[in-house]
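Top to bottom, those sequences are chains Y and C. Going by my numbering, the first residue of the first sequence is number 1, and it counts up by one from there. Going by my numbering, the first residue of the second sequence is number 1001, and it counts up by one from there.
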Amino acid sequence: MSEKTAGQSIEETAGGRRRAIKTLGGIALASLLPAPWVRAASTVKIGYVSPQTGPLAVFAEPDAYTLAQVKRALAGGLRIGGQNYAVEIIYKDSQSNSNRAAEVTADLILKDKVDIVVAASTPETTNPVADQCELNGVPCVTNDTPWQPHFFGRGGDPKKGFEWTYHFFWGLEDIIGVYANLWEQIPTSKTVGALWPNDSDGNAWGDGKMGFPPVLQKKGFKLVDKGRYQSPSDNFSTYLNEFKKSGVDIVTGVVPPPDFANFWSQAGQQGFRPKIVTVAKASEFPAAIEAFGDRAAGLSVEVWWSPAHPFRSSLTGQSSAQLAADYTKASGRQWTMPLAFKHALFEVAVDALKRAEGKNPAAIRNAIRQTNLPTMVGPVNFRTGPVPNISKTPLVGGQWTRKGKNLELVIVENSQAPMVPVQGKLVPIA
Amino acid sequence: MTEAMDAAPACRIECGSRASRLAGALVLLFLMAGASMPFWAEPASLRALAEFFYVLALAQMWNLLAGYGGMVSIGQQAFVGLGGYTLVVLGLHAGVNPFLAVPAGGIVAGLLALPAGCVLFRLRGAYFAIGTWVMAEVFRQVIANITAVGGGSGLSVTRAVATIPTWWRQSLTFWCALLLGGGATFLVYALLRSRYGLALTAVRDSEPASASLGVSVRKVKWFVYVISAVGCGMTGALIFITKLRISPDAAFSPDWSALMFFVVVIGGIGTIEGPIVGALLYFALREMLGGFGTWYLIALGILTVAVMLWAPKGIWGSLVSRYDLRLFPVQRRLRPVDDERDATPPAVITAAPCAGTLKA
């Protein structure tokens, strides 16, 4: 290198440095200023809240698989309002706690500045998340909470509905229909013992006007309801005594898994043998009921989705059976009902983003409102629901049956959703 | 100069230092800058700081109770929850401005602390701690069975909070939090520098000894317990203005007490700076490790146990014993007067009990 060129390059570097300092100063100044308008224009952000840890963690089991699958499907980005966007999904843990769910949602909205929020799994997650979105004007799609606890539990007005928050799942009328029809399949004393906890779900199910009691009375069932119990509970003796005394043949409820484990093992110890046990929440998951060993077979439950459901994904084109098989292959686990609902959550969000006229909250909200999409859990359309902002998905009934080593869920009741084929008949618990 | 002064070497009671006066000025400056934040800061920073301040408020209230009053409560969530439910009744049912629920929540909590104290002060030590927890559970169960406030399902206060325009909502939340956090710190500071502070720490160290010196033990305990309840109640109302959804499990969650316990113990129990340091550390840890799920909670637990075992005075307490640094001094310390300028010692100590040490 000659001296001259060396000198030149030093001068150039000095000039470059000066320029660099100026630019850096500019950037520093700009970053100090509150500038909400300088969002990264080429990325669309989806915030996802789910109970990764805590008592509801079993609902979030398919999350890792679903996220990987959605990311793969959206690797090429999304076209929104004629412009290409990369997609970023920000995943937050609610710790099965409504306080924490509200906190992380506020974080997603204010700090990460997401364009849309999705959330699932019980009122403890969907209600606080939707509340934050409604107040802050961010489009929000949720599922996996019966629609009444979600809509009325948040003070929803059927005439007005909500502005920013949309929800799809079945309702109490569906589960009451499924359960009642299921119980009529075999001869029993028609006496039903209820285990309803004092929480969002329990209070809705046991409600004297909207819940089970009026329908059961009309259908000729006798109800033994000792009132709402405080969950968690480790002693169900009083319930068991009352059930035995009144000749209860059918046990129902919406019971957190640990409570039901206590109830069912105490029932075994105290010689209470009902013919039918149809308990929501606790017996929805193979992992949870596997713990009962021989006493797991015969339990029945409502089924929101199964590999036998005649639906296809709008995102990947898979059928229900293919999704379940792929999940088992990827994770080594048996399919669970939330798997399809997590998938459908992103189906609805992605579909709305694609149809939105631009990447602004109002445009995305309008697109969600206009949703009419066949998804993995059935058709979703928020304009045809029982109240505004709600779309209903089909519900059938099933029974856990031992097939080889595995417990499998066999569909035995489809009065509320005839498109799902029945695979067998209800059998009394041995 | 009195004759006594000439006889004994001069010394004076010191309640402050140059560092503390500087700290005081800085804190005031920060608070003033902070109050203007809604006009220039991003909503995200406002929210983060609001959370910091209300956690600080809770921690100071617990610190006052446990660190200075010697009453280890694990049931302060009772008052957080009562504040939250005051918001439900006032904001949702009565339709008043939800921010009015903040002072009202304090009043309700204070009023209910009176009968609660009647029962609890019959207990001492570990029994008192368990008693406070039971008390919180009683409140939780009662609220869970009142259907008018949502029963066990809980309800959303979104409707009430949505009546306030966004900017005002964010700013008022921030100002309330700033007032509560700053106010709680100042209150503890002022209280401890007053004669009640002396009585309070005396009661903590030995109830019989302080009673024999003429301190009304019962009165002092009541006073502190009610103040702490009022602080937690006000903070509780504010917390649920930001959370929007309230249920007995969320409002009366033992997590609130665990949070206060963590912040105070890690930062340094029985110091005013401790809760500030603890709250900073809590938020730093949550920011860094919050994504690790259960492991994050396990880490917090292990850290608390480690601090209790090896640094029982907490971070700030350890710093103080090493560097004699006090930003909010509440101790009365005797100092030799080595400086001609401030050689006018208060008459109280002309007997100069510190003479021996001074000669040495």
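Beta carbons are placed, not taken as given, at the ideal position from N, Cα and C, and that holds for glycine. Please read these numbers as outputs of a predicted model, since none were measured by experiment.
Cβ pair residue i, residue j closer than 8 Å
i: S1228 (chain C); j: L1064 (chain C); result: yes
i: G1236 (chain C); j: G1075 (chain C); result: no
i: S1321 (chain C); j: S200 (chain Y); result: no
i: S246 (chain Y); j: V224 (chain Y); result: yes
i: W400 (chain Y); j: F341 (chain Y); result: no
i: G1081 (chain C); j: F1139 (chain C); result: yes
i: P286 (chain Y); j: T336 (chain Y); result: yes
i: E302 (chain Y); j: A296 (chain Y); result: no
i: A324 (chain Y); j: G253 (chain Y); result: no
Local conformation of residue i per DSSP, three classes
i: M1288 (chain C); result: helix
i: G1081 (chain C); result: helix
i: Q83 (chain Y); result: strand
i: N381 (chain Y); result: coil
i: E242 (chain Y); result: helix
i: G47 (chain Y); result: strand
i: A417 (chain Y); result: coil
i: Q1170 (chain C); result: helix
i: C1093 (chain C); result: Per the sequence shown, the amino acid found at residue 1093 (chain C) is His instead of Cys. Reduced to three states, the DSSP call for H1093 (chain C) is helix.
i: S31 (chain Y); result: Per-residue confidence for S31 (chain Y) stands at a pLDDT of 42, beneath the threshold of 50, marking its modelled position as unreliable; the derived number appears in the next sentence. Three-state result, S31 (chain Y): helix.
i: V1149 (chain C); result: helix
i: N262 (chain Y); result: helix
i: N389 (chain Y); result: coil
i: W443 (chain Y); result: There is simply no residue 443 (chain Y) to check, as chain Y begins at 1 and stops at 430 in what is shown.
i: H167 (chain Y); result: strand
i: P394 (chain Y); result: coil
i: T1271 (chain C); result: coil
i: N143 (chain Y); result: strand
i: E88 (chain Y); result: strand
i: K354 (chain Y); result: helix
i: P338 (chain Y); result: helix
Candidates the options: closest to residue i by CA position
i: D1249 (chain C); options: C:A1078, C:R1204, C:V1265 and C:A1101; result: C:A1078
i: R365 (chain Y); options: Y:G424, Y:V387, Y:A68 and Y:V117; result: Y:V117
i: A417 (chain Y); options: Y:P394, Y:T401 and Y:Q423; result: Y:P394
i: L108 (chain Y); options: Y:G177, Y:L345, Y:G47 and Y:M210; result: Y:G47
i: G1117 (chain C); options: C:K1221, C:T1242, C:M1234 and C:L1309; result: C:K1221
i: T371 (chain Y); options: Y:V377, Y:T384, Y:A362 and Y:S331; result: Y:T384
i: P232 (chain Y); options: Y:G202, Y:Y91, Y:V215 and Y:K219; result: Y:G202
i: N414 (chain Y); options: Y:I89, Y:A180 and Y:V49; result: Y:A180
i: A1094 (chain C); options: C:L1172, C:A1148, C:L1028 and C:M1037; result: C:A1148
i: W1062 (chain C); options: C:S1247, C:G1233, C:G1214 and C:V1215; result: C:G1233
i: W170 (chain Y); options: Y:E408, Y:S391 and Y:V420; result: Y:S391
i: K111 (chain Y); options: C:M1032, C:E1042 and C:G1024; result: C:E1042
i: A1059 (chain C); options: C:T1132, C:L1178 and C:A1279; result: C:A1279
Cα-Cα separation between residue i and residue j, rounded to whole angstroms
i: G398 (chain Y); j: Q269 (chain Y); result: 26 Å
i: V251 (chain Y); j: V70 (chain Y); result: 39 Å
i: C133 (chain Y); j: A1284 (chain C); result: 26 Å
i: A1111 (chain C); j: A1104 (chain C); result: Per the sequence presented here, residue 1111 (chain C) reads as Leu, with Ala not at that position. Rounded to the nearest angstrom, the two C-alpha atoms are 11 Å apart.
i: Q217 (chain Y); j: R369 (chain Y); result: 38 Å
i: T165 (chain Y); j: P139 (chain Y); result: 6 Å
i: F1121 (chain C); j: A1129 (chain C); result: 11 Å
i: P307 (chain Y); j: L1303 (chain C); result: 46 Å
i: K1219 (chain C); j: R1124 (chain C); result: 15 Å
i: F1039 (chain C); j: F1030 (chain C); result: 15 Å
i: F1261 (chain C); j: P214 (chain Y); result: 48 Å
i: T1242 (chain C); j: G404 (chain Y); result: 52 Å
i: I176 (chain Y); j: P274 (chain Y); result: 19 Å
Cβ neighbours of residue i in the same chain (closer than 6 Å, five flanking residues each side left out)
i: L52 (chain Y); result: Residue identity differs from the one stated: residue 52 (chain Y) is Gln in this sequence, not Leu. Around Q52 (chain Y): A60 and D93.
i: L74 (chain Y); result: V87
i: A344 (chain Y); result: T375, M376 and V377
Residues near residue i in its chain [Cβ-Cβ closer than 8 Å; skip 5 each side]
i: G1183 (chain C); result: A1057
i: V412 (chain Y); result: L182, Q185, S300, G397, G398, Q399, V422, Q423, G424, K425 and L426
i: V1217 (chain C); result: V1203, E1207, S1210 and A1211
i: E124 (chain Y); result: P51, L56, S94, S96, N97, S98, A101 and S200
i: L373 (chain Y); result: S314, E347, V348, D351, P379, V380 and N381
i: Q230 (chain Y); result: P197 and N198
i: L1213 (chain C); result: A1202
i: A430 (chain Y); result: A297 and G298
Neighbourhood of residue i by C-beta distance below 7 Å, restricted to the same chain and skipping five residues each side
i: V44 (chain Y); result: L78, I80, Y85, V87, D115, L353 and K359
i: A349 (chain Y); result: I46, I116, V118 and V141
i: V410 (chain Y); result: G398, Q399, T401, Q423 and G424
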